[in-house]
Each structure stands twice: as structure tokens, then as C-alpha cells.
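Colleague:
Residue numbers (the numbering used here): 1 to 454.
Following this line, the structure appears as C-alpha cells:
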């Protein structure tokens, strides 16, 4: 029976075979070195490396195959970033992603392909809206709108995190930048009201002696509803006897009931604040040095009316100054109407996107701050019941601060935005740079040459 070879026998046999091969190839049986073995090892290592490379390529091809245009409606070339849209069986270069979505009606991400994939397709004329937005990533819905002045810089803030603000307890005396210095306003309780500093009674009633008006932008002023000018109210039948038990107090007399002040009118008593009371007294030649006091039960026998337009006057005199002054608007809720407010802060507003139209202390808006991408907004009234309505025109506010009109709801959906859009009063948008209208018709126009704007 034949005995199996041992490991030493096998090793010796292999050595003898290598020595015989070495003697035949090199004519030398001494085998001082072994270049043939080195060649064999190199060949084996190379084969293993090639096999590993082929395996890696196979895996990559399986999980990330070379992109083919296929049935994609919008493609983008990796090498150049150029967008193409498919219309029927033809690829058309398109100016931007907004135009591509308007043409195709698809908000799906474009398919990235190589230039060679596009070169093999039928090509058509360029299409699209020059200067339409490229970034269509959506910002969260805006819950408020602010326009702020910090020194000579005016910033519109829509949706972006706003600085911590407070509603001042005292009014602010301001004057529009670049306007007649005699034009002054008092900002108070979400309104602006004209004040004539040439009238001594107005200056004394508001305690404005020696107070310098703060220059403020037209953008902030426009964002606040205007209240009646602060002046001595015109009281009908002034000087006539008061009603009922107030006969001893002529119409136009300011009286005190407990810690409140009222003015005697033909039809009854109207409660007024400190400023309105002083304005009436400072323009009444019959006013006594002290305010007459009447018993509280008089309010039970005389009607309380509200006919004088002084409800927007400040309750108390005095003004304050602030480093940053903002006009803020909050949309209508179920139990409250839209709210405008004057707010102040010592915190610098977010820098936002600087605009090319920025002019420092000029009339233009200098920057726009958003929370990220573009925002679909719907223009609404500054106040009133339609502040959350859907009747206003649609606009797209890009991340660069440019405002684009949107033709209709269908165009907004094609762009990838949800309706109805964030309600924003037009006065907050009016100062922003305007781009072209975004419409399907404008995007679908073929052009041999696309001219860039100035």
C-alpha cells in the first residue's frame, strides 16, 4: 500500500522543481537568487488587485448606476450645471429651476446626467424666464413681518428669527429721513400720528420741549396705520351749558371723576387721557387753574359717549428714544384682528441678504432677512377682516430678497409651494426689488438669445 507524502517531502519536491526550472531557464543550478518566484508573486498580487477593482466597480454600478435621461422631465448637467427640460421628444436649455418647473409642472428634483447623455438627444431652442429664482427650497411659513431701522440701515424681516423686542410704554417722536424737518410723527400703540411742533399747546401737552425727533425711514412709517393728527380736538357747541346735572360745567370743560378725567360734551361725558385733557385745557381760555372734581355718581346720570377722535392719543405725555425701531405686523387670529405695533430693541436685527439697492440713510430698503429658502407670500391689507384672506395677489420672495409676482395658484403649485401662502401686508413688500412675473406662458417662450437684464 502506498504511503502518503509528508509535508517535508512536498516542500522538498517543490524546491527541486523550482531548481530544475531555474537551471533550464537561466543555465545555473546553484540558485543564488530566485527572480522567477518574485515574478510569480507579482503576477498573483496584480491579479488580486484587478479582481478587487472590478468588484468595487460592480458594486458602484449596482448602487449608483450611470444616470440616463430616461423619462426625466428636468435634467441638470453635472459638469456645467445647465438645466434642460423635455418638451415632447426634445430637450430645451432652460434659464433656471423656476422656469423648468413652470414648463413641466413637476416639482421633482432634476436628474443629474453627464454632458454626453445630453449630447445624444434632440435639442431645441432655449426657454425660460431670465432672472427667475434658482433656489426654490421652501422657508417655513412666516408668523410675523417686521421692518426695522438701526441707524441708517433698514431691514425687512419676514419669517426669520426676529430680535427680542418690547412695546415701549412711551411714544417715539420721529421725522422721515430726507423729508422736511417740520414733518414730525408720534409713534404710539401701533399707529403714527402727525404732530405740529409749531403749536405751543401740542408741545406742552406732549412734554416735547427740547426733544429732538429721531430720523426714521419711510419703510417703517409706511408699515404703520395713520391715526388722526394729535391736536386740540374741535368740540361742537363749546361753551354751551353741559347736559343735565353738569349745567354748571360748560361743554368743553375737563372734569375729574375719582382718578379719571372726562370732557363735558353736549351729549354726555367722554373719558380722555392726560394728553387729550391737557390739549383741551391749554386751548380753552375759560379753563380754571385746577381741574374741577365731580362726584362719581354723576356717571350714572349722564351718558358716557365716544364722539371725540382722541382714542389714539397717548394716554400719558413723554417720549423715549431707542437704538432700533421696528414696525411689527401680526396676522389675524380667530379671536383678534391683525395687529400693528411699534416695537424697540437694543439687539441688532439679523443681517439678512444685502440688496444692491441699499442706500444707507436713503429711502430704499437695505436688506431682507428670511429663515432660509424662498417664501410664498400673499399680499393682504395692513388691517381689517381680510388680513388672512386668500384674495390678495401671490408673490415669491427669494432668498436673495427679490420679490417675484406669481401668476396664479397653479403657477405656485408648479413651483413646489403650498397655498395659500403667508399673509404679508403690501407695505412691507413694496420697497423690495422686483423680479419678472413667474407664469407658465412666460416660461414657455422659446428664445434664440436670452438677454440678461442690467
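We put the beta carbon where it would ideally sit given N, CA and C, even for glycine.
It should be emphasised that the depicted structure is a prediction, and the values quoted were computed from it without experimental measurement.
With DSSP as the reference, label residue 79 as helix, strand or coil.
Modeller: Note: residue 79 maps to coil in three-state DSSP.
Colleague: Closest to residue 319 by CA distance: which of 182, 43 and 189 is it?
Modeller: The residue with the shortest Cα to Cα distance from residue 319 is 189.
Colleague: Nearest-angstrom Cα distance between residue 7 and residue 41?
Modeller: Residue 7 and residue 41: Cα-Cα distance of roughly 22 Å.
Colleague: For the beta strand (DSSP E) containing residue 194, name the first residue and the last one.
Modeller: Its beta strand (DSSP E) spans residues 191-195.
Colleague: Are there 16 or more other CB atoms within 10 angstroms of the CB of residue 441, so buried, or fewer, so exposed?
Modeller: The residue in question, residue 441, is exposed, as its Cβ has fewer than 16 Cβ neighbours within 10 Å.
Colleague: Secondary structure at residue 385, three-state DSSP: helix, strand or coil?
Modeller: Low per-residue confidence applies at residue 385: pLDDT is 45, beneath 50, and the placement is therefore not dependable, though the value from the model is reported in the following sentence. Residue 385 falls in the coil class under three-state DSSP.
Colleague: Closest by CA to residue 215, which one among 355, 185, 191 and 112?
Modeller: It is 185.
Colleague: Out of 447, 427, 416 and 264, point me to the one whose CA is closest to residue 102's CA.
Modeller: Taking only the C-alpha atoms, the option nearest residue 102 is 416.
Colleague: Would the beta-carbon of residue 150 fall within 8 Å of that of residue 349?
Modeller: A contact, by the Cβ cut-off of 8 Å.
Colleague: Secondary structure at residue 447, three-state DSSP: helix, strand or coil?
Modeller: Here residue 447 sits in strand by DSSP.
Colleague: Rank 46, 74 and 157 by C-alpha distance to the C-alpha of residue 428 and give the top, closest one.
Modeller: The option with the nearest alpha carbon to residue 428 is 157.
Colleague: Pick helix, strand or coil for residue 368, following the three-state DSSP scheme.
Modeller: Looking at residue 368 - three-state DSSP - the assignment turns out to be strand.
Colleague: Could you tell me which whole beta strand (DSSP E) segments of length 3 or greater appear in the region 290-341?
Modeller: Runs found: 324-330.
Colleague: In three-state DSSP terms, what is residue 215?
Modeller: Residue state, collapsed to three classes: strand.
Colleague: The alpha helix (DSSP H) spanning residue 116 covers which residue range?
Modeller: Residues 115-119.
Colleague: Determine the contact status of residue 138 and residue 373, defining contact as a CB-CB distance below 8 Å.
Modeller: The answer is yes: Cβ separation under 8 Å.
Colleague: For residue 169, I'd like the list of residues in its chain whose CB is within less than 7 Å of its CB, leaving aside the five on either flank, ordered along the chain.
Modeller: Once the five neighbours on either side are set aside, residue 169 has no close Cβ partner at all.
Colleague: Pop quiz: residue 74 and residue 106 are said to be a contact at Cβ under 8 Å. What is the actual Cβ separation, rounded to whole angstroms?
Modeller: Between residue 106 and residue 74 the Cβ distance is about 7 Å, and since that is below 8 Å, they are a contact.
Colleague: What are the boundary residues of the alpha helix (DSSP H) that includes residue 101?
Modeller: Taken as a continuous stretch (DSSP letters only), the alpha helix (DSSP H) holding residue 101 covers 97-104.
Colleague: From 402, 54 and 260, pick the residue whose C-alpha is nearest to that of residue 437; which is it?
Modeller: Closest by alpha carbon: 402.
Colleague: Could you please give the first and the last residue of the uninterrupted alpha helix (DSSP H) stretch that includes residue 278?
Modeller: Segment 274-282, the alpha helix (DSSP H) holding residue 278.
Colleague: Would you tell me roughly how many angstroms separate the C-alpha atoms of residue 420 and residue 378, rounded to the nearest one?
Modeller: Each residue's Cα considered, the two are about 7 Å apart.
Colleague: Please classify residue 208: does DSSP put it in a helix, a strand, or coil?
Modeller: Coil at residue 208, not helix or strand.
Colleague: Can you tell me whether DSSP reads residue 422 as helix, strand or coil?
Modeller: In the structure shown, residue 422 sits in a strand (DSSP, three-state: E or B).
Colleague: Under 8 Å by Cβ, that's how I've got residue 223 and residue 147 pegged, so tell me the actual separation to the nearest angstrom.
Modeller: Indeed they touch by this definition, with Cβ atoms about 5 Å apart.
Colleague: Keeping to the same chain, check which residues put their C-beta closer than 6 Å to that of residue 445; ignore five residues upstream and five downstream.
Modeller: Contacts found: none.
Colleague: Please determine whether the Cβ atom of residue 441 lies at a distance below 7 Å from any heavy atom of the ligand NAP.
Modeller: The ligand NAP is not among the ligands present in this structure, which contains no ligands whatsoever.
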